[in-house]
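The next block holds one structure in the form of structure tokens; read it before the comments.
Protein chains: 2
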Amino acid sequence: MTGLLTDLYQLTMAAGYFEAGKADELASFELFFRHLPRYRNYVLSAGLEQVVEYLANLRFTADEIRYLRSLPQFQRVSPGFFEALAKLRFTGDLFAIKEGTPIFAGEPFLTVRAPLMEAQIVETYLLATIGFQSLIATKAARMVEVAGGRAVVDFGTRRAHSPEAGVLAGRASYIGGCAGTSNTETGFRYGIPVFGTAAHSWIQAFATEREASQRLQDLLGEATVYLIDTYDTIEGARLAASLGRPMWGVRLDSGNLVELSRAVRKILDEAGLQDAKIMATSDLNEYKILEFAAAGAPIDAFGVGTDLATSTDSPNLGVVYKLVELDGRVTAKFSEDKHTLPGAKQVFRLAGHDVIACSWECIGCSPGEPEARALLRPVLLGGKLVEPLPGVTATRQYAAESIKRLPTAIRSLFDTDQQYHVEHSQALMALYEKVQNENGLLRHRHAD
Amino acid sequence: MTGLLTDLYQLTMAAGYFEAGKADELASFELFFRHLPRYRNYVLSAGLEQVVEYLANLRFTADEIRYLRSLPQFQRVSPGFFEALAKLRFTGDLFAIKEGTPIFAGEPFLTVRAPLMEAQIVETYLLATIGFQSLIATKAARMVEVAGGRAVVDFGTRRAHSPEAGVLAGRASYIGGCAGTSNTETGFRYGIPVFGTAAHSWIQAFATEREASQRLQDLLGEATVYLIDTYDTIEGARLAASLGRPMWGVRLDSGNLVELSRAVRKILDEAGLQDAKIMATSDLNEYKILEFAAAGAPIDAFGVGTDLATSTDSPNLGVVYKLVELDGRVTAKFSEDKHTLPGAKQVFRLAGHDVIACSWECIGCSPGEPEARALLRPVLLGGKLVEPLPGVTATRQYAAESIKRLPTAIRSLFDTDQQYHVEHSQALMALYEKVQNENGLLRHRHAD
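Chains as they are written, first to last, in the numbering used here: chain E, 1 to 448; chain W, 449 to 896.
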């Protein structure tokens, strides 16, 4: 099952909490990033559905527990811990920001409030799930931003970091605004539109390019996309024009796409195929799409692979998961360069800026205050789903609307001096100072 | 099952081959990369075991087939195709270069020789599996290269591109020379050593740092790694020194690691704990490890996360999968900037250079010729495993020995002018010219 899909230290700590009688203490952990990734002015939240699925299915099998018992780190652990692992289910609460919400540094994507042992074990899976999908949804949104209404399709599975990453990249890309994906499993699992017709091997597999293209048209009818660059793009375009309808259009996968798209458009138009579309592929990304758009290249759709599925220019999102409350006590970390703010929080979105506050605050609740929306909402309570999650199509729509409301500078492809304005509430800053002072006193006592 | 874990166009092509009566034509596809990734002078091959597993388990369930039939792309396809999918198993041959072999641009990692329909469908999964694991094994090898015998451990799952990518990154890192991984599932599945003790949340979970550290020692004994930077590293080191043995050592996770490691070493030594080790973590990579080694920092082990699990400085390997033979006919692609060499190949490794040759050639077989090793070996014949694959420990050992034999310049972290010397055999180049000429004639005929 899913129990061992975590870092070993989560399990040694779980054992230690069990031995110390702390396994059931109520803990709150928050998942956030300290800094925006390189070249990003916002991050589009994604991956919550897979978090919920994981928490609902969290189990340790007998074989997995036997494996743990064999490790040197578990030789001093009492049998009761392994019995507890065998019975472990996620029984806690999950609060989360909706998938498809643009968020910023320091804002929690989600808060886990659960018995300490459960909350600790799930850390690794949650980070890898939310971090990756948010990274890809963000990358997709950048491409859609500059594509000017033309379709962007995810073709990246083959370069994704494992086949499963490809499936999830397809999902995240769709949330980020892509029209669909080439990944068939993504379509099957999540009901996302799937695209794809033929590769160069198809053209090579027949005696002539004409036969290959004719067969493709017979097979696909109006969905036909002639792949025209296997031998020579211009001749390929002439061939496609001579075969004509039914067709969706043609695909270019090499060469100078601005010049070729113009030449191909001319050939299609001269054959009376004004409705035939041109799709471009071949190592695309948002920067190239921006150039094609600026050049007015007659490209109707972009198929994007590697750069989308791995977020090549910024392949990491530094998500962390930090303990902020335990057994009624607020807590924080004060390492030299890695402070965290104590206590469970809420993120309020106002017109043009956000406020990070203590979880018990209600900004926008008093008469006369500007309107504010609390972004962290209950998703699981006592391990049970509060209400069904929205489907990917609704989430994609919500993402598009949310991005549209961001300031223009934040939506730029390029680093901006104008950061999105995120404040901390006075109550949160007062709590931070209080905990820091107490901690100073505590350290002082230790040092005696 | 695994059937839909592929790009849709593999399945539309499979349907087209079926309709054209070509599904059973014998095809050879080769998997390779055209160019080395940025900042890499070689790539360490990895992922073959997962390829073999996938091919052995390739299946389409009734639900998956029902889904395909619902798609617009399959409305013209005859029922026989879906019956063929339901029965589909991988029945072909697989030739591959051993995991842990350093390879270069243009050299096939593997060759699939199978009925066209089977060989086409598996493309996407094979690319994502081999590409990703090779990328990570290579990254790991770079860190191990400069760590000068000190242990490098994979701690990257939380930043991997999905939880499953984390599991496979742990495996690939081990092949690349890491001592082990924090990923418990990786340890369970592949028998790879697992490491990990406690996070900052452990320290925060107890009333004092002293209590947390004492509890850790009680739990782990000689495996204890005190995490000493939660509040103040120097005071943390003094606390660890006062608790003393049993312990493995301490972990630093923030601040200036060169200065702190020296100060901490002094504290441990003065307490008579010369055998206590220092582990460093905190956004490490091969460049920082090189600096620590050059500075003579007293660090005994490195835990590496994000940069290892995502190969941050070079997060893609541009693997492709190209049709080179079909039904006894050699074939190639001549797109403007993406030529491929025709016909199934063999890679021969000689002292100091490689030769890519036609599959039927035998270099080093004639008396007087220098010794040469054929790298592509049969792995599956008729869908059956020829012999058990080596375990990860043997593969890791083989990788270390293979890397040691590379020229020093190729093992440098930095780009080198001295590329590894890869030749093409005369027979292969003659075949290339022949196919190119025939193709030119063919195109000419088309254009008439």
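We put the CB at the ideal spot given by N, CA and C, even for glycine.
The beta carbon of residue 837(W) sits closer than 6 angstroms to those of 497, all from its chain and outside the five residues before and after it, given in chain order. For residue 570(W), there is no enclosing alpha helix (DSSP H), as DSSP gives it neither H nor E. It is roughly 27 angstroms from the alpha-carbon of residue 379(E) to the alpha-carbon of residue 647(W). Secondary structure note for residue 225(E): its beta strand (DSSP E) is the uninterrupted segment 225-227. With a contact defined as Cβ atoms closer than 8 angstroms, residue 173(E) and residue 140(E) qualify at about 4 angstroms. Contact with chain E is absent for residue 885(W), since none of that chain's Cβ atoms lies less than 8 angstroms from the residue's Cβ.
Note on the region 318-363 of chain E: there is no whole alpha helix (DSSP H) run with a minimum of 4 residues. Put simply, the backbone Cα of residue 103(E) is about 32 angstroms away from that of residue 24(E).
Chain-order list of chain W residues neighbouring residue 28(E): empty, with the shortest C-beta distance near 11 angstroms, by a criterion of under 8 angstroms.
Assignment of residue 41(E) by DSSP, reduced to helix, strand and coil, places it in the coil class. Listed along chain W is no residue with a C-beta nearer than 9 angstroms to that of residue 60(E); the closest approach is about 10 angstroms. Residue 29(E) is positioned such that its CB atom lies no closer than 8 angstroms to that of residue 317(E).
A Cβ-Cβ contact shorter than 8 angstroms links residue 92(E) with residue 118(E). The three-state secondary structure of residue 369(E), taken from DSSP, is coil. Note that the C-beta distance between residue 321(E) and residue 31(E) is below 8 angstroms. Residue-level contact check: residue 19(E) touches chain W, since one or more beta carbons of chain W fall below 8 angstroms from its beta carbon. The beta-carbon of residue 565(W) is placed no less than 8 angstroms from the nearest beta-carbon of chain E.
Taking 8 angstroms as the cut-off, the Cβ atoms of residue 671(W) and residue 645(W) count as close. Taking 8 angstroms as the CB threshold, residue 87(E) stays off the interface with chain W. Of all alpha-carbon atoms in 548(W), 538(W), 455(W), the one lying nearest the alpha-carbon of residue 824(W) is that of 548(W). Partner residues in the beta bridge of residue 111(E), as assigned by DSSP, are 30(E), 95(E). Taken through DSSP and simplified to helix, strand or coil, residue 470(W) comes out as coil.
Out of 607(W), 562(W), 578(W), 579(W), the CA that lies nearest to the CA of residue 130(E) is found in 607(W). In this structure residue 747(W) touches residue 598(W) by the C-beta definition: roughly 7 angstroms separates them, less than 8 angstroms. Its Cα nearest to that of residue 244(E), the residue 217(E) stands out among 217(E), 281(E), 63(E). Residues of the region 138-162 of chain E that bring their beta carbon within less than 9 angstroms of a beta carbon in chain W comprise 155, 157, 158, 159, 160, 161, 162, in sequence order.
At a Cβ-Cβ threshold of 8 angstroms, residue 80(E) and residue 18(E) count as neighbours. About 6 angstroms separates the Cβ atoms of residue 738(W) and residue 861(W), confirming a contact at the 8 angstroms cut-off. When secondary structure is reduced to three states using DSSP, residue 463(W) falls in the helix class. Along the region 450-463 of chain W, going in chain order, the ones with a CB nearer than 9 angstroms to a CB of chain E are 450, 451, 452, 453, 454, 455, 456, 457, 458, 459, 460, 461, 463. When C-beta distances to chain E are compared with 7 angstroms, the residues of the region 652-679 of chain W below that value are 652, 653, 656, 657, 658, 663, 664, 667, 668, 669, 671, 677, 678, 679, in chain order. Residue 228(E) and residue 257(E) do not touch by the CB rule: their CB atoms are close to 12 angstroms apart, not below 8 angstroms. Taking a Cβ-Cβ cut-off of 9 angstroms, residue 735(W) has no neighbours in chain E, whose nearest Cβ is about 15 angstroms from it. Residues of chain E with a Cβ closer than 8 angstroms to the Cβ of residue 483(W) do not exist; the shortest Cβ-Cβ separation is about 11 angstroms. Contact annotation for residue 828(W) against chain E: no contact, minimum CB-CB distance about 19 angstroms [criterion: below 7 angstroms].
In this structure the region 392-411 of chain E touches the region 37-55 of chain E; the number of beta carbon pairs closer than 8 angstroms is three or more.
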